[in-house]
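Trainee: 648 is the number that the UniProt record's numbering gives to position 648 of the sequence shown; each next residue is one higher, with no gaps.
Glycine included, C-beta positions come from ideal geometry on N, C-alpha and C.
This is the structure I want to talk about, given as structure tokens.
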Amino acid sequence: MLNHDELSLQERVSDLEKKSLEQADEITCLRSTIADLLRRINQLEGRAPVITNSNSHATTPTKVSPSLPQHPAVQNRHSFHRQVSNSSASSFTDGVTPHNGNHHPAHTSPGVAPQRRLSYFPTASTSSLHSEGGQSSTSASPVPSPAPSSYRSSPSPRQTPSPNRHISASTSNLSAMKRWSSSCSSQDFATASRRIVTGSMYNLPVRSSSGTLYRHGTKEAQLNTEDGTVRMYLRGRPIVMHIPSEQLHDYSLMKVNSAPSQRLKLEWVYGYRGRDCRANLFLLPTGEMVYFIAAVVVLYNVEEQIQRHYLGHTDDIKCLAVHPNKLLIATGQVASIDRRERKPRVVSRPHVRIWDSVSLNTLHIIGVGDFERAVSCIAFSKMDGGSILCAVDDSSEHTISLWDWQRGERGVKITETKSASDAVLAVEFHPMDRHTLVTLGKGHIHFWDMEGGTLAKKLGIFEKSNKPKYVLCMTFTELGELLTGDSNGNIMVWQRGSNKVCRTIVGAHDGPLFSICAMKDGTIVTGGAKDRKVVQWDSSLTRTGQEAKLPDMAGGIRTLAQGKGSLLLIGTTRNSILQGTFSLNFSTVVQGHTEEIWALAVHPTQNQFVTGGYDCQVHLWDTLSHSVVWSRDLGEQAQAACFSPDGSVLVLTSRTGRWSVIDSSTRQLYSMHTDGTEPIDAVAFSPNGQLLALGSRDSFIYVYQVSEEGRKYNRISRCSGHSSFVIHLDWAVDSTYLRSCSGDYEVLYWNALVCRQVTNMSITRDLKWHTQTCTIGFSVFGIWPENADGTDINTCARSHSCRLLATGDDFGKVKLFSYPTSQPKCLSHMYGGHSSHVTAVDFLPDDNRLISLGGRDCAVLQWAVV
């Protein structure tokens with residue numbers, strides 16, 4: 001109770017701090033505006049002093065409030081160059097130009113006011129028009145620019161505030177900059193200066209190694225009309241992007257790029273979470289099987305080939321329980337840490353959501369602020385119509401709590417107590433004893449008496465010779481007996497009302513017994529993880545002779561559930577779901593990856609795509625039948641993939657520097673090659689199919705000549721110039737030029753035919769690009785949100801119509817923009833579903849669908865563009 005009160009007090013104090021900061025911000029902005037007005041009046045009245053510099057050119061300096069911070073371009077250029085002295089200093093079109101630190105004074109005629117304003121543009125987040133949970137916002141767009149108090153979100157731990165320095169009004173400071181135009185008034189200066197005077201614990205400044213403070217990741221855009229460039233900052237590093245010639249005359253930073261009229265709708269989810277979760281597969285009266293992966297609960301009707309999705313969760317779902325009425329469902333999720341706030345987000349704290357499986361409406365949200373790490377397992381009571389919910393917290397004490405979930409939207413906690421010091425794997429209410437609850441896990445089984453609104457524990461007593469390391473699963477028979485399966489492969493029988501083992505079936509499985517299920521016909525079915533066997537037993541626990549063994553690719557049995565009629569549903573440890581009977585065998589209805597997924601390639605002409613992951617598996621998926629066309633074991637972890645322009649050849653790269661060429665239809669291996677020993681993160685064919693480029697983490701780009709219809713590859717050379725690993729590649733439509741993006745926010749341009757770097761801006765400024773996978777450049781700089789640190793956005797893809805741009809970020813969000821995103825303010829639609837970093841996105845050839853990959857959540861999501 002004290003912990004809850006303390007947490008509530010901290011939240012209230014945090015809210016008061018934020019309100020105080022907003023009010024202080026408004027006052028400071030008002031003062032700054034008044035100072036700016038006085039400066040303008042002085043200029044109009046001709047009172048500003050005229051100072052002659054060493055070149056005898058008169059300059060009218062701009063008066064700036066002493067409280068304003070020095071611009072990062074000036075104050076940090078020396079310390080910055082010490083950090084990135086090995087970076088290229090060339091200027092490139094639509095990409096990065098490392099800041100050279102040489103500023104030339106902009107001279108004006110005597111008596112003429114300067115044409116520049118030394119201000120910068122901290123833009124609002126690109127997600128100002130978005131929705132959570134996969135539902136698009138209906139807000140109008142574009143929207144007006146936000147008030148000064150809304151220019152920035154809560155500080156990120158990666159963000160370093162600007163120093164509160166005085167700016168000299170002398171021409172030495174003014175002439176140290178080029179003629180940079182900006183779209184923001186001095187209110188933004190006030191916002192910056194306010195950041196270091198706050199007393200909040202979340203706004204402590206971070207001092208750089210050189211002793212000067214600089215702002216981490218604040219998105220500021222500046223326009224240089226002389227060079228035709230736009231400058232922004234990522235993690236304090238200036239990025240200079242060249243404006244295409246056709247936009248030079250009318251480009252303005254003040255424009256707002258509106259969100260597209262198209263939206264994304266989650267159409268299909270590939271995969272299932274059986275790798276590390278249990279008891280998460282059930283059949284509903286609607287004929288749908290319900291299960292989860294990532295932050296999505298899937299309701300899948302196999303016969304009609306229709307999926308529905310519950311998208312209320314904000315992070316990994318860990319457990320699922322079906323109410324006795326078979327209509328309501330409870331799901332529990334883990335906690336996630338907000339990098340901006342350095343504490344668990346309110347909406348992402350561990351909690352249980354109770355929702356209607358017919359309407360998919362959320363009815364109750366239970367336990368926000370009560371659980372510490374994750375809700376590991378949950379169950380509804382049986383004898384009282386499911387009025388009580390039991391939840392186990394995956395904390396160090398594995399707290400078990402009982403909830404009257406129907407009282408209010410948040411429910412009421414009845415009681416809680418420490419369950420065990422070791423992991424708790426399952427919880428169930430007794431179907432015949434109203435006040436009995438059972439939990440089990442590592443080295444224990446506990447019987448709980450709930451009478452009187454408290455929880456009294458009885459330890460389960462094992463036979464000394466058969467005490468297991470883990471008790472893994474349980475079910476109840478028609479007579480009320482409890483059956484458990486353990487890590488020794490044994491079945492133990494516990495009589496109703498007793499906490500002692502009355503019978504043990506030794507060696508029911510070779511290895512751990514992960515699931516045990518009581519069927520409607522009175523038989524018992526058990527599943528083994530190591531032996532991959534499904535075994536049927538009669539009511540007296542005698543083998544019936546019916547058993548089946550799953551193929552190695554399917555994995556071991558994780559969970560068993562009663563299917564439609566005599567069907568049995570099987571969830572496996574390799575994230576697959578099978579259904580069938582002992583007489584008709586079992587067929588795969590859901591298939592997925594079991595490790596991180598990074599490789600994505602969309603077929604250029606068909607509604608198919610390829611995925612590859614760290615599980616060494618490569619799958620070709622069909623988006624219409626929602627099934628796997630073929631699978632192949634790559635033999636090593638897959639990192640990237642691409643099709644040839646005609647789709648006949650597929651190139652797959654690995655994490656060891658090796659890459660393979662296979663036939664996309666027959667899976668026949670044509671050849672294998674090796675370039676370096678580091679992962680190859682990017683691979684792309686030229687539009688004419690005659691060249692292949694591979695970007696490696698060894699900072700090189702390897703270019704090959706392709707012949708014999710994509711079967712033969714001869715290396716031309718390698719491109720050398722990046723100071724960090726290469727992560728993205730794009731070909732120009734002429735198949736001659738190549739651009740690459742590296743891990744240190746650098747974009748370089750190359751003549752791929754000779755593997756030489758191109759530094760001539762006149763060549764690269766107006767190049768047309770076949771794809772848009774580089775996340776840095778003039779046409780995509782609007783995708784970066786405020787406070788971005790350069791690693792937040794992992795992937796982007798442009799539609800074939802060049803009207804849409806999709807991105808995937810570190811926060812599990814997929815965003816849809818109007819292309820190009822060449823404004824500081826670009827509104828977007830935002831969608832949840834992934835619970836891990838989104839590693840890849842791409843459009844299908846007709847632009848009607850989008851595919852996104854989750855990293856550690858192993859989920860492949862198919863979105864309809866509507």
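If we count the other Cβ atoms within 10 Å of its Cβ and call it buried at 16 or more, is M254 buried or exposed?
Mentor: As a position in the sequence shown, residue 254 is number 254, starting the count at 1. Per the 10 Å Cβ criterion, exposed.
Trainee: Give me the residue from E246, S357 and S660 with the minimum Cα distance to L284.
Mentor: Here residue 284 is taken as the residue at index 284 of the sequence shown, counted from 1. Comparing Cα positions, the closest option is S357.
Trainee: Can you tell me which of the three DSSP states N751 falls into?
Mentor: The count along the sequence shown starts at 1 and reaches residue 751 at position 751. Looking at N751 - three-state DSSP - the assignment turns out to be strand.
Trainee: Closest by CA to P863, which one among Y670, R856 and L844?
Mentor: Here residue 863 is taken as the residue at index 863 of the sequence shown, counted from 1. Per the sequence presented here, residue 863 reads as Trp, with Pro not at that position. Nearest C-alpha to W863: L844.
Trainee: Starting from M232 and walking both ways along the alpha helix (DSSP H), at which residues does that stretch end?
Mentor: Locating residue 232 in the sequence shown gives position 232, counting from the first residue. Not the alpha helix (DSSP H): M232 falls in the beta strand (DSSP E), residues T229 to L234.
Trainee: I need the boundaries of the alpha helix (DSSP H) containing T764, first residue and last residue.
Mentor: Locating residue 764 in the sequence shown gives position 764, where the first residue counts as 1. That run of the alpha helix (DSSP H) goes M761 to T764.
Trainee: For N257, list the residues DSSP reports as bridge partners.
Mentor: For the purposes of this step, residue 257 is taken as the residue at position 257 of the sequence shown. Paired residues: C826.
Trainee: Report back the beta-carbon spacing between G528 and I557 to the nearest angstrom; my notes put them in contact at under 8 angstroms.
Mentor: Sequence index remark: in the sequence shown, residue 528 carries index 528 (1-based). Sequence index remark: in the sequence shown, residue 557 carries index 557 (1-based). Sure, about 6 angstroms apart at Cβ, within 8 angstroms.
Trainee: With a cut-off of 8 angstroms on the beta carbons, I'd call H837 and G855 a contact; round off their distance for me.
Mentor: As a first step, residue 837 is located in the sequence shown; it is residue number 837 there, counting from the start. As a first step, residue 855 is located in the sequence shown; it is residue number 855 there, counting from the start. With a Cβ gap of about 4 angstroms, H837 and G855 count as contacting.
Trainee: Rounded C-beta distance between T653 and V610? I'm assuming under 8 angstroms.
Mentor: Numbered from its first residue, the sequence shown carries residue 653 at position 653. Numbered from its first residue, the sequence shown carries residue 610 at position 610. T653 to V610, Cβ: 12 angstroms. No contact.
Trainee: If you count every other CB in all the chains shown that lies within 10 Å of the CB of D521, and 16 or more means buried, which is it?
Mentor: Residue 521 sits at position 521 when you count from the first residue of the sequence shown. Label assigned to D521: exposed.
Trainee: Among all the DSSP beta bridges, which residues are the ones paired with A391?
Mentor: By 1-based counting over the sequence shown, the position of residue 391 is 391. Answer by DSSP bridge pairing, in chain order: I378 and S401.
Trainee: In the DSSP assignment, the beta strand (DSSP E) including T611 goes from what residue to what residue?
Mentor: Counted from its first residue, the sequence shown places residue 611 at position 611. Segment Q608 to G613, the beta strand (DSSP E) holding T611.
Trainee: Classify F725 as helix, strand or coil using the three-state DSSP reduction.
Mentor: On the sequence shown, residue 725 is found 725 positions in, with the first residue counted as 1. F725 falls in the coil class under three-state DSSP.
Trainee: Output yes or no for whether 7 angstroms exceeds the beta carbon distance between A859 and A294.
Mentor: Taking the sequence shown and counting its residues from 1, the one referred to as residue 859 is at position 859. Taking the sequence shown and counting its residues from 1, the one referred to as residue 294 is at position 294. In this structure, A294 lies closer than 7 angstroms to A859 by Cβ.
Trainee: At what residue ranges does the segment 431-460 contain a whole run of the beta strand (DSSP E), taking only runs of 3 or more?
Mentor: The qualifying runs are 436-441, 444-449 and 456-459.
Trainee: With distance defined between alpha-carbon atoms, name the residue in G710, F685 and E708 nearest to I701.
Mentor: Along the sequence shown, read from residue 1 onward, the residue named residue 701 stands at position 701. Checked all of G710, F685 and E708; the closest Cα to I701 is F685.
Trainee: Could you give the residue range of the beta strand (DSSP E) that holds A797?
Mentor: Taking the sequence shown and counting its residues from 1, one reaches residue 797 at position 797. Where A797 is concerned, the enclosing beta strand (DSSP E) stretches over I793 to R798.
Trainee: Between the segment 415-426 and the segment 434-444, do at least 3 Cβ pairs fall closer than 8 angstroms?
Mentor: Yes: the two stretches touch, three or more of their Cβ pairs being nearer than 8 angstroms.
Trainee: Would you call Q617 buried or exposed, if buried means 16 or more other Cβ atoms sit within 10 Å of its Cβ?
Mentor: Locating residue 617 in the sequence shown gives position 617, where the first residue counts as 1. Classification for Q617: buried.
Trainee: Does the beta-carbon distance from H626 to W268 come in below 7 angstroms?
Mentor: The count along the sequence shown starts at 1 and reaches residue 626 at position 626. The count along the sequence shown starts at 1 and reaches residue 268 at position 268. Against a cut-off of 7 angstroms, the Cβ pair of W268 and H626 comes out as a contact.
Trainee: If you compare alpha carbons, which of Q536, M553 and G545 is closest to L560?
Mentor: One-based indexing of the sequence shown puts residue 560 at position 560. Taking only the C-alpha atoms, the option nearest L560 is Q536.
Trainee: Hey, could you find the ends of the beta strand (DSSP E) H364 is sitting in?
Mentor: Within the sequence shown, numbered from 1, the residue matching residue 364 stands at position 364. Residues T362 to I366.
Trainee: If we ignore side chains and look at the alpha-carbon of each, how far apart do D552 and V629 end up?
Mentor: On the sequence shown, position 552 is the one that residue 552 refers to. On the sequence shown, position 629 is the one that residue 629 refers to. Roughly 18 angstroms separates the two Cα atoms.
Trainee: For L264, which of Y831, A840 and S631 has the nearest alpha-carbon?
Mentor: Against the sequence shown, residue 264 aligns to sequence position 264. Comparing Cα positions, the closest option is Y831.
Trainee: Return the first residue and the last residue of the beta strand (DSSP E) that P238 is part of.
Mentor: What you label residue 238 is simply residue 238 of the sequence shown in a count that begins at 1. Note, P238: beta strand (DSSP E), R237 to H242.
Trainee: Flag this pair as yes or no: are the beta carbons of S696 and E678 separated by less than 7 angstroms?
Mentor: Stepping through the sequence shown from its first residue, residue 696 is reached at position 696. Stepping through the sequence shown from its first residue, residue 678 is reached at position 678. Against a cut-off of 7 angstroms, the Cβ pair of E678 and S696 comes out as a contact.
Trainee: Considering only C-alpha positions, which residue in the set L600, L266 and Q579 is nearest to Q591?
Mentor: For this step, residue 591 is matched to residue 591 along the sequence shown. It is Q579.
Trainee: R406 to R798, Cα distance in whole Å?
Mentor: As a working note, residue 406 is residue 406 in the sequence shown. As a working note, residue 798 is residue 798 in the sequence shown. A small correction: the amino acid at residue 406 is Gln; Arg does not occupy that position in the sequence shown. About 47 angstroms.
Trainee: Please report the straight-line C-alpha distance between L360 and S348, rounded to a whole angstrom.
Mentor: Start at 1 with the first residue of the sequence shown, and residue 360 comes out as number 360. Start at 1 with the first residue of the sequence shown, and residue 348 comes out as number 348. Taking the straight line joining both Cα atoms gives about 20 angstroms.
Trainee: Express the C-alpha separation of S779 and S818 in angstroms, rounding to a whole number.
Mentor: Along the sequence shown, read from residue 1 onward, the residue named residue 818 stands at position 818. Along the sequence shown, read from residue 1 onward, the residue named residue 779 stands at position 779. Cα to Cα, S818 sits roughly 11 angstroms from S779.
Trainee: Would D615 and A640 be called neighbours here (beta carbons separated by less than 7 angstroms)?
Mentor: As a working note, residue 615 is residue 615 in the sequence shown. As a working note, residue 640 is residue 640 in the sequence shown. No; because the gap between Cβ atoms is not below 7 angstroms, this pair is not in contact.
Trainee: Buried or exposed: which applies to Q333, given that a residue is buried once 16 or more other Cβ atoms fall within 10 Å of its Cβ?
Mentor: Walking along the sequence shown from the start, residue 333 turns up at place 333. Classification for Q333: buried.
Trainee: Can you tell me whether K549 is buried or exposed? The criterion is at least 16 other CB atoms within 10 Å of its CB, across all chains shown.
Mentor: Taking the first residue of the sequence shown as position 1, residue 549 is located at position 549. Label assigned to K549: exposed.
Trainee: Over what stretch of residues does the beta strand (DSSP E) that includes I783 continue unbroken?
Mentor: Working through the sequence shown from its first residue, we reach residue 783 at position 783. Premise fails: I783 is in no beta strand (DSSP E) and is neither H nor E.
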